[in-house]
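Trainee: Please read through the structure below; I'll follow up with questions.
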Amino acid sequence: MQPRRRSEPPKEQVPQKTQTDLSAWRKGRKSAPEKSIPSHWSPNRQKNDSTQDALEDALSYFEKVQDRVSLKKNSALQKHLATVESIALQRGLPPEAFDVLLKVALSGKLADTVNTQLLKSLVPASVIPETSVVSSVSLLCTGKCSDSTQLLFLRWLITMFDFIDRKEQLHALYGFFFSILQDEKMCPYICHLLYLLTRKESVKPFRIRKLLDLQAKVGLQSHLQALLSLYKLFSPELVTIALPRKMKSYFKNSDGPWKAAIIAVRRRNQENTPVLQPLVLGTTQPQSRKRKWNAQVIIPASSTNRNTLEEDGEKKHVNLYRMNESFPLEHLQTFPQLLRNIHRLEFPSQMGSVLTNPLLLHYMNCIKDESIYLRLYYWMGQTLQEECTWCVADNSQYEEEFKDFLETVYKTECFLQEGFSSCEEFLYKSLPLWDGFCCRPQVLRLVSWIPLSSFSEMKSHLYDPLAQLFFTSSLYFKCSVLQSLRELLQNWLNWHMIHSDSESDTQAHSLNTTLSGLVNMVAELIHFVGWISTVALRLENNPTFLLYFILDFYEIVCDMYLRYNLPLLILPPAGVFYPALLSMDSVSLDQLCYIMYRYRSNLVAAKENELSKKKILQFKFSSQTYQEYNQYIVAMVGCLWTSSAFQKDTHPQGLRMGDELLKKTAVQEFKSSFNIVYHPAMMGYALLFLKQAWPDDTTFNFSLIKGKKWNWYLEYLYAQGLKGLKVFIESSINRVSQASHSKAQNAQE
Amino acid sequence: QENTDPHRTAFLLRKQWTLYSVTPLYKFYNSNLRDYARLLSAFIAAEKQKGLAVEVGVELDLKVAVSSIPDLKGSDRDEAAILVQLSSRSRASPKNSEEKLVWSGCFCCVFGDHLSENVSDDFTYLPLFLVNGAESYTSIVGMWFQKTFDCCFRRLAINPLNLSWMAAMWTGCKVDKTTSAVELVFSVPCLPYPLDISYAIHPEDAKALWDTVQKTPGEITQEEVDVFMDCLYSHFHRHFKIRLSATKLVKVSTAVASAHSDGIIKFLQSKYLTGVLMLLTELAISQIQ
């Protein structure tokens, strides 16, 4: 923003609404540049001042101009007209100019060409005072100006509508504008103007009748349709209309001569001009193609719930009051509007439309009303079932639409940070029939938002059908499933965090019952992932890609106690742990190191809490968890550090092997073959390290890495970004004393 | 059932009704039925002449009546049924012209009260919607209800399992005059051309078979239904060497009612109207939950 503005003429001090006389506006202009603009811009400033004087002269000329001055013969008129035009098109006119110029243009004093030119120049720098508009409308009544000037004025008024500072008095003229509807030429423009002016209270039965008479006379006219549909919006109990689907615009483009100038001026005075908003009729929505009338995949447009009738005598007052209070959703465009009107908003007549309206989703987040969710539940449940492309036979041609719909539902769930129960039911019903291919990303994403509320049936409804697909599908599918289950776990844990925070201590009892249910559900999910991961690694022959997704899952699991305050820790099964430990890839190994470090931190914290007994612990980790962790840590340290894995690993599925057997492998130095130098995932680093440390040595003597060099090598590894290894070694390997250090070295040798 | 006035519900008999399930109507009030009629009639007029605005409340070619039928329900906790009728009147002689019924739709709930348990008063539970008349009117009326009461309509198909239940149940019903045969229509799948097999049984024979199958009167189990159908299938196989169990049951006609798998029903006995509607209500509820 800043550089672009510099290249343009100095920013103008735009008059405030409170400044009403021209001199104040000038003063404001003059003083501002001295404060803010560097001195080398002063020539520019002087130029501005001179144009300012010229504009003042022109205005005072037009104020006093007499009847019928010919343009051709009068050089003064020519000059002032040119001044007004050039200033208007360059930076817009000040509010005070409008009164004078509108008066002269509509008074019929000057020739039509002059009036036209003046009107075309009426581009505001900031706002247009309402009073000047009102007085020019009154001039319109006197009939002094020609038809074409009147038309041009109306078009100007429509274009500039948003620039008028207040509109109360203009609203009072509603009836006057309405009366001009009869004029055939003006009718389209008057309709447009009325469209802009119409409020709830403007809609009266006699006006509706007038419009319907007019409709009977002129037939289908888009401008009439637009106005009538707005009337319908405010008073559906009086009039109704069905708009044709293909209609694109309801009003002819009336901002022609001013559009470019407004854009140019706005670019210069960016902050101060109101944003021109395109007119949107909320009552129609383009549809891609004709479908069944009860097809629900087309998300309805947000339109205000007008299902309150105002006819019956006694109820009338109550309802009228409420109706005037409520804010029509069709007008809700911005977040500030939402904040201003949040107390008088109503949900749309069809709840499904909130899905595509982020503002309404914000609103929904604030309002905790059961009926909102119930309406959404029914609509979404029916739509998902009816439109599902793999459950309903004839739907396959609508797959793209269904994909979009699932996508929208997923985005809404992310926005609201909660899953819909209708989605959950849909998944349970449709997953057994799913081929694992149709709408795959969308379906798997929806899985990640299955709510935590129900504690049973997950196995038969979700895990069993998912496992079947998982084992029979591609590597990529497996990774996608793991990813969505990881997200599911994360969402559950987040939910738990939020809800355990909000619940008070008095509800401790009910919390405990839910907590045990929650722990069971989370544990079930983790065991399921552990199981399918083990099988998948076997099936796919341990690819790094798959391992990455599996370890990514365990990065959440290992931290549940500390990060999510959940009294549950489950270690990965051996079928996951050992493939990661013996992986060919340093990334997996590093990830494993990090995970084991986090397990340690969580277990240590749990133990400390248990010992200090600050809280009465309902849940504590079983000794089996600690034992399992210790087995893994022995295996890991034995592998990576002390080169004793083959002897010390006590895990039943571990690396323990007899010496005889190891000798048969004919591998020399088998003991050290998985330490941080010889490990297949690390050997590349060791090689590069050797090259740097002994540039001249070409024998690649890995045994040189010991003693002080061992420490250097570690520093080298850390510097290569093996952060997981670093925290693991620093936490799990006792290197504090030199003694243990040398012991490690001894083991090394 | 006893308090059901047969005259108030007679309009349902001997006509074909297309079945829909409807989710609960939001903010539907029985006190506003006349206003709903006015709005709906203007809406239909506006939809038929797209783009032209229509004043609400004026006399139009099509008259809409929305009425409540308190007799048509199962228990006291069911909502009263709502009947929507469209009738045309000719412009030529508006005063003494006869109104001709062109379309009717009926929202009802018969013993579906467990659906409305512990839910808010803003909703009206009438899960079953029966329609007789042109699809074009169904779509306009349906659209208006969807927009106004935030509900969803779905065609209610009847699967073969439920059809066989109907066959068994209705066969066992006592009907004063045994008029029509029990007819089952089967469709043969996987053929290049459509082939339907119609299997008609004398109603007394069918009833005799059912009576031997049913163990406790007034109670039916899935097992009994299966046995009943298997007997019919094996009888058919003995004669024609066709295994009907490999085909799809698509239609059941009895003296009580006839039902097609596409979700079309015809009520024939006012005595058993409530019972049939109860079964259909149950199917509708299972579709919206």
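If you're matching them up, the sequences are chains A and B in order.
Heads up: the first sequence begins at 5 in the working numbering, then just goes up one per residue.
Heads up: the second sequence begins at 4 in the working numbering, then just goes up one per residue.
Idealized CB from N, CA, C, for every residue including glycine.
Owing to the predicted nature of the structure, the values given are computational and were not obtained by experimental measurement.
Have a look at Pro-577 (chain A) and Trp-645 (chain A) and give me their C-alpha separation to the nearest angstrom.
Mentor: So the alpha carbons of these two residues sit roughly 22 Å apart.
Trainee: Could you check if Arg-80 (chain B) belongs to the surroundings of the ligand ATP, using beta carbon to heavy atom distance under 7 Å?
Mentor: For the structure depicted, the ligand ATP is absent and the ligand set is empty, with no information on it obtainable.
Trainee: Pull the bridge partners of Ile-72 (chain B) from the DSSP assignment, please.
Mentor: Answer is B:Ala-84, bridged to Ile-72 (chain B).
Trainee: Looking at Lys-66 (chain B) and Ser-93 (chain B), is the spacing between their C-beta atoms short of 8 Å?
Mentor: No, Cβ-Cβ distance for Ser-93 (chain B) and Lys-66 (chain B) is not below 8 Å.
Trainee: Determine the closest residue to Leu-28 (chain B) out of A:Leu-694, A:Tyr-382, A:Pro-656 and A:His-500, with distance taken between C-alpha atoms.
Mentor: Leu-28 (chain B) has its Cα closest to that of A:Tyr-382, out of A:Leu-694, A:Tyr-382, A:Pro-656 and A:His-500.
Trainee: Thinking Val-138 (chain A) and Leu-105 (chain A) are a contact (beta carbons under 8 Å), I'd like their distance in whole angstroms, please.
Mentor: At roughly 15 Å, the Cβ-Cβ gap does not stay under 8 Å, so Val-138 (chain A) and Leu-105 (chain A) are not in contact.
Trainee: Mind the definition here: the region 597–609 of chain A touches the region 723–741 of chain A only if three or more C-beta pairs lie below 8 Å; say whether that holds.
Mentor: Taking 8 Å as the limit for Cβ pairs, the verdict is that the region 723–741 of chain A does touch the region 597–609 of chain A.
Trainee: In chain A, what lies closer than 8 Å to Asp-125 (chain B) by C-beta?
Mentor: Within 8 Å Cβ-Cβ: Ser-375.
Trainee: If we ignore side chains and look at the alpha-carbon of each, how far apart do Ser-736 (chain A) and Ile-637 (chain A) end up?
Mentor: Using only the alpha carbons, I get a separation of about 8 Å.
Trainee: If contact means a Cβ-Cβ distance below 8 Å, which residues of the region 381–403 of chain A contact chain B?
Mentor: Those would be Tyr-382, Trp-383, Gly-385, Gln-386, Thr-387, Gln-389 and Glu-390, in chain order.
Trainee: Check the Cβ-Cβ distances between Ile-554 (chain A) and every residue of chain B, and say whether any is below 8 Å.
Mentor: Judged by the 8 Å Cβ criterion, Ile-554 (chain A) is not in contact with chain B.
Trainee: Report yes if the CB atom of Gln-446 (chain A) is closer than 8 Å to the CB atom of Leu-410 (chain A), and no otherwise.
Mentor: It is a contact, given that the beta carbons lie within the stated cut-off.
Trainee: Does Thr-244 (chain A) have its Cβ less than 8 Å from a Cβ in chain B?
Mentor: With 8 Å as the cut-off, Thr-244 (chain A) counts as an interface residue toward chain B.
Trainee: Between Arg-95 (chain A) and the rest of its own chain, which residues show a CB-CB distance below 7 Å, the 5 nearest in sequence each way excluded?
Mentor: Answer for Arg-95 (chain A): Glu-16, Ala-129, Val-269 and Arg-272, listed in chain order.
Trainee: Excluding sequence positions up to five away, which residues of its chain have a Cβ less than 6 Å from the Cβ of Lys-274 (chain B)?
Mentor: Taken in chain order, the list of residues that qualify is empty.
Trainee: Hey, could you find the ends of the alpha helix (DSSP H) Gly-145 (chain B) is sitting in?
Mentor: Start and end: 138–152.
Trainee: Tell me, please, whether the CB atom of Asp-311 (chain B) is closer than 8 Å to any CB atom in chain A?
Mentor: Outside the shown range of chain B, which is 4 to 292, sits residue 311 (chain B), and nothing can be said about it.
Trainee: Name the chain C residues that come within less than 7 Å of Gly-115 (chain B), Cβ to Cβ?
Mentor: Going by chain labels, chain C is absent from the structure shown, which instead holds the protein chains A and B.
Trainee: Over what stretch of residues does the alpha helix (DSSP H) that includes Glu-612 (chain A) continue unbroken?
Mentor: Start and end: 590–616.
Trainee: Please list, in chain order, all residues of the same chain as Cys-176 (chain B) whose beta carbon is under 7 Å from its beta carbon, the five residues on each side excluded.
Mentor: Around Cys-176 (chain B): Val-259 and Tyr-275.
Trainee: Between Thr-21 (chain B) and chain A, is any beta-carbon pair separated by less than 8 Å?
Mentor: Chain A, which has no Cβ nearer than 8 Å to the Cβ of Thr-21 (chain B), makes this no.
Trainee: Starting from Trp-173 (chain B), trace the beta strand (DSSP E) in both directions and tell me its first and last residue.
Mentor: No beta strand (DSSP E) holds Trp-173 (chain B); the alpha helix (DSSP H) holding it covers 163–175.
Trainee: If you follow the alpha helix (DSSP H) that Ile-560 (chain A) is in, where does it begin and where does it stop?
Mentor: Start and end: 548–561.
Trainee: Determine the burial state of Leu-283 (chain B): buried for a count of at least 16 other Cβ atoms within 10 Å of its Cβ, exposed for fewer.
Mentor: Answer is buried; the Cβ neighbour count reaches 16.
Trainee: Could you check what DSSP says for Ser-91 (chain B) in three-state terms: helix, strand or coil?
Mentor: Ser-91 (chain B) falls in the strand class under three-state DSSP.
Trainee: In the DSSP assignment, what are the bridge partners of Pro-128 (chain A)?
Mentor: DSSP, once it has assigned bridges, lists A:Leu-97 as partnering Pro-128 (chain A).
Trainee: What residue range is occupied by the uninterrupted beta strand (DSSP E) comprising Glu-294 (chain B)?
Mentor: Here chain B has residues from 4 to 292 only, and residue 294 (chain B) is not among them.
Trainee: So the candidates are B:Tyr-202, B:Glu-207 and B:Asp-153; which of them puts its Cα closest to the Cα of Phe-239 (chain B)?
Mentor: Checking every option, the nearest Cα to that of Phe-239 (chain B) belongs to B:Tyr-202.
Trainee: Going along the chain, which unbroken runs of the alpha helix (DSSP H) with 4 or more residues stay wholly within the region 365–413 of chain A?
Mentor: Taking only runs of at least 4 residues, the alpha helix (DSSP H) segments lying wholly in the region 365–413 of chain A are 374–391.
Trainee: Determine the DSSP secondary structure at Asp-233 (chain B), reduced to helix, strand or coil.
Mentor: Asp-233 (chain B) falls in the helix class under three-state DSSP.
Trainee: So which residues on chain B does Gln-229 (chain A) lean against when the C-beta distance must stay under 8 Å?
Mentor: Within 8 Å Cβ-Cβ: Gly-54 and Ala-56.
Trainee: How about Lys-150 (chain B): is its C-beta nearer than 8 Å to some C-beta of chain A?
Mentor: So, interface residue.
Trainee: Val-255 (chain B) and Ala-170 (chain B) look like a contact to me (Cβ under 8 Å); what is the Cβ gap, rounded to whole Å?
Mentor: With a Cβ gap of about 5 Å, Val-255 (chain B) and Ala-170 (chain B) count as contacting.
Trainee: For Leu-665 (chain A), count the other beta carbons within 10 Å of its own beta carbon; 16 or more makes it buried, fewer makes it exposed. Which is it?
Mentor: Looking at its Cβ environment, which holds fewer than 16 other Cβ atoms inside 10 Å, Leu-665 (chain A) is exposed.
Trainee: Answer with buried or exposed for Pro-192 (chain B), where buried requires no fewer than 16 other C-beta atoms within 10 angstroms of its C-beta.
Mentor: Looking at its Cβ environment, which holds fewer than 16 other Cβ atoms inside 10 Å, Pro-192 (chain B) is exposed.
Trainee: Return the chain-ordered list of same chain residues with a C-beta closer than 6 Å to the C-beta of Asn-112 (chain A), the five sequence neighbours on each side being excluded.
Mentor: The question names Asn, yet the displayed sequence has Gly at residue 112 (chain A). Taken in chain order, the residues that qualify are Lys-148 and Cys-149.
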